[in-house]
Amino acid sequence: MHKLISELTRLYLFDEQQQYVDADGGAQPLTPAVLARHLSGEQTVAVRLVTGSGLARALVLEFGGKGGGEAHWSALCTIANAVQHELDLPAPAVSISGSAFQLWLSLATPVPVAQARQFAQLLRSTFLPASTDILAVAPPAFVEQVALPPCLQPSGKWAAFIHPSMGAAFVDEPGLDMAPPPAAQLGFLESLRSINPAQFAQALAQLQGHAGLAEAVPAAAPAPVAPSPAIAPATQPGLLLQDATLEDIVRWLHARNIEPTFRHRLP
1 MHKLISELTR
11 LYLFDEQQQY
21 VDADGGAQPL
31 TPAVLARHLS
41 GEQTVAVRLV
51 TGSGLARALV
61 LEFGGKGGGE
71 AHWSALCTIA
81 NAVQHELDLP
91 APAVSISGSA
101 FQLWLSLATP
111 VPVAQARQFA
121 QLLRSTFLPA
131 STDILAVAPP
141 AFVEQVALPP
151 CLQPSGKWAA
161 FIHPSMGAAF
171 VDEPGLDMAP
181 PPAAQLGFLE
191 SLRSINPAQF
201 AQALAQLQGH
211 AGLAEAVPAA
221 APAPVAPSPA
231 IAPATQPGLL
241 LQDATLEDIV
251 RWLHARNIEP
261 TFRHRLP
């Protein structure tokens, strides 16, 4: 159990964020003892995936809803394949929650939750048009609070990480009747790698460009490495890149400890 907790922490948790929600909605410390009871089915807790300061490093998309299990699984496969083959990111984890499928992306460095939400929304809109009634009614949801697999759900079903090739077997009922072996859960996680900051920045820029959110950069300035929700009109109000001066861009980069390198072509 200790190794499983270590892998879950490596991929999806960090010190500031290790809290769970109690029955009264309050935040309590997610100690190793609490997590061990959770994973063994003695006490199921909901883990907050966003810190009090608004950071996230676990990006979880949930595919589920009443009916449509096959459509939801197909949608998860589409996103999972696009993450790896179109965006060139490490393979995500796949889980069943007892009522839905979940796709888990791990970030090596936390990002503002607004940026995480935008990334998830762009994944959906870029690779998963709402082509079926099921997905239109119940599109994949960005999850900010979750019962970390493996765990026993109130329905009596177990949530668990699964091998991606097993998903089709759970389209009618995405849960287990008994606790999954901890060694098997560990095996699904040990080979996974987190998305590093450069990979995330490149993937976000690619998604923003596809959605038409990346504006043309002024001639004397380089293209931003990682367009942020602060200058993306689709996520929150702020300075639009098309209205920014060179000094605005430099200030924005310096505030994030990024030193710009300017190149220009002589006439």
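Numbering (full-length UniProt numbering), first residue to last: 1 to 267.
For each residue, glycine too, the CB sits at the ideal point set by N, CA and C.
Please read these numbers as outputs of a predicted model, since none were measured by experiment.
Inset, instruction - Would you check if the distance between the CB atom of residue 69 and the CB atom of residue 146 is smaller than 7 Å? - result: Position 69 of the sequence shown, counted from the start, is the residue given in the question as residue 69. Position 146 of the sequence shown, counted from the start, is the residue given in the question as residue 146. In this structure, residue 146 does not lie closer than 7 Å to residue 69 by Cβ.
Inset, instruction - Evaluate residue 85 with the Cβ neighbour count: other Cβ atoms within 10 Å of its Cβ, from every protein chain shown; 16 or more gives buried, anything less gives exposed. - result: Reading the sequence shown from its first residue, position 85 is the one you call residue 85. Label assigned to residue 85: exposed.
Legend entry - Those runs of the alpha helix (DSSP H) which lie wholly inside the segment 113-190 and span at least 4 residues: With a minimum length of 4 residues, the continuous alpha helix (DSSP H) runs that stay inside the segment 113-190 are 113-127, 133-137 and 182-190.
Inset, instruction - Note down, in chain order, each residue of its chain lying with its Cβ closer than 6 Å to the Cβ of residue 58, except the 5 sequence neighbours on either side. - result: As a position in the sequence shown, residue 58 is number 58, starting the count at 1. Correct list, in chain order: 12 and 49.
Inset, instruction - Please name the residue in 54, 18 and 98 whose C-alpha comes closest to that of residue 176. - result: Counting from 1 along the sequence shown, the entry for residue 176 is found at position 176. Considering only alpha carbons, the answer is 98.
Legend entry - 4-residue-minimum alpha helix (DSSP H) runs that sit fully inside the UniProt domain "TOTE conflict system primase" (27-126), ordered along the chain: 32-39 and 69-85
Inset, instruction - Assign residue 216 to buried or exposed, taking buried as 16 or more other Cβ atoms, counted over all protein chains shown, within 10 Å of its Cβ. - result: For the purposes of this step, residue 216 is identified with residue 216 of the sequence shown, where counting begins at 1. Confidence at residue 216 is low in this model, with a pLDDT of 34, below 50, so its placement is unreliable and the value that follows should be read with caution. Looking at its Cβ environment, which holds fewer than 16 other Cβ atoms inside 10 Å, residue 216 is exposed.
Inset, instruction - In angstroms with no decimal places, state the Cα-to-Cα distance between residue 161 and residue 150. - result: Position 161 of the sequence shown, counted from the start, is the residue given in the question as residue 161. Position 150 of the sequence shown, counted from the start, is the residue given in the question as residue 150. Whole-angstrom Cα-Cα distance: 7 Å.
Inset, instruction - Under 8 Å Cβ to Cβ from residue 55, same chain only, skipping five residues before and after it: list those, please. - result: Along the sequence shown, read from residue 1 onward, the residue named residue 55 stands at position 55. Within the same chain, Cβ atoms closer than 8 Å to the Cβ of residue 55 are found at 16, 17, 110, 111, 112 and 113, the five residues on either side in sequence being excluded.
Legend entry - Own chain residues within Cβ distance below 7 Å of residue 95, not counting five before or after: As a first step, residue 95 is located in the sequence shown; it is residue number 95 there, counting from the start. Within the same chain, residue 95 has close Cβ partners 102, 104, 149, 159, 160, 161 and 162.
Inset, instruction - Evaluate residue 194 with the Cβ neighbour count: other Cβ atoms within 10 Å of its Cβ, from every protein chain shown; 16 or more gives buried, anything less gives exposed. - result: Numbered from 1 along the sequence shown, position 194 holds the residue referred to as residue 194. Buried.
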